[in-house]
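Per my numbering, residue 557 is the first one in the sequence shown, and the count goes up by one each step.
Glycine included, each C-beta is placed from N, C-alpha and C at the ideal position.
Nothing here was measured: the structure is a model prediction, and the numbers come from that model.
Encoded as structure tokens, the structure appears first; notes follow it.
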Amino acid sequence: MNHIVLPSPLHQWRITSNPVMSIRTRKLVGVFALFALVTIWALLAMAIAQFPPIFDNRLIAGIYYVVAGIGWVLPAMPLIKWMSKGTVRQR
Numbered sequence: 557m558n559h560i561v562l563p564s565p566l567h568q569w570r571i572t573s574n575p576v577m578s579i580r581t582r583k584l585v586g587v588f589a590l591f592a593l594v595t596i597w598a599l600l601a602m603a604i605a606q607f608p609p610i611f612d613n614r615l616i617a618g619i620y621y622v623v624a625g626i627g628w629v630l631p632a633m634p635l636i637k638w639m640s641k642g643t644v645r646q647r
């Protein structure tokens with residue numbers, strides 16, 4: 557007689573007691589990712605700032621530098637949120 561074996565429900569595959577990555581590891585990975593994000597963002601911002609419409613007009617350049625200087629925060633927010641997820645073990 558043939559039996560069909562079904563996989564277990566998805567809720568049994570969730571890891572609840574042992575997180576895949578500890579909060580320390582998340583923060584370490586997050587620090588390197590933030591460093592890479594800020595470095596790449598700064599290099600791209602400097603390259604874009606050399607375009608003639610931005611470079612020639614002081615008003616546009618000032619607005620651009622304010623937006624580019626604050627703009628890296630938006631992509632960093634999900635990364636920081638991910639870094640702070642996890643359970644803190646109490647001793």
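| Check | Outcome |
| --- | --- |
| Is it the case that the Cβ atoms of VAL594 and TRP628 are separated by a distance below 7 Å? | yes |
| Would you check if the distance between the CB atom of ALA592 and the CB atom of LEU635 is smaller than 7 Å? | no |
| Locate the alpha helix (DSSP H) running through TRP638, then write down its first and last residues. | 629-640 |
| Starting from ILE560 and walking both ways along the alpha helix (DSSP H), at which residues does that stretch end? | Premise fails: ILE560 is in no alpha helix (DSSP H) and is neither H nor E. |
| By the three-class DSSP mapping on this structure, what secondary structure does VAL576 have? | coil |
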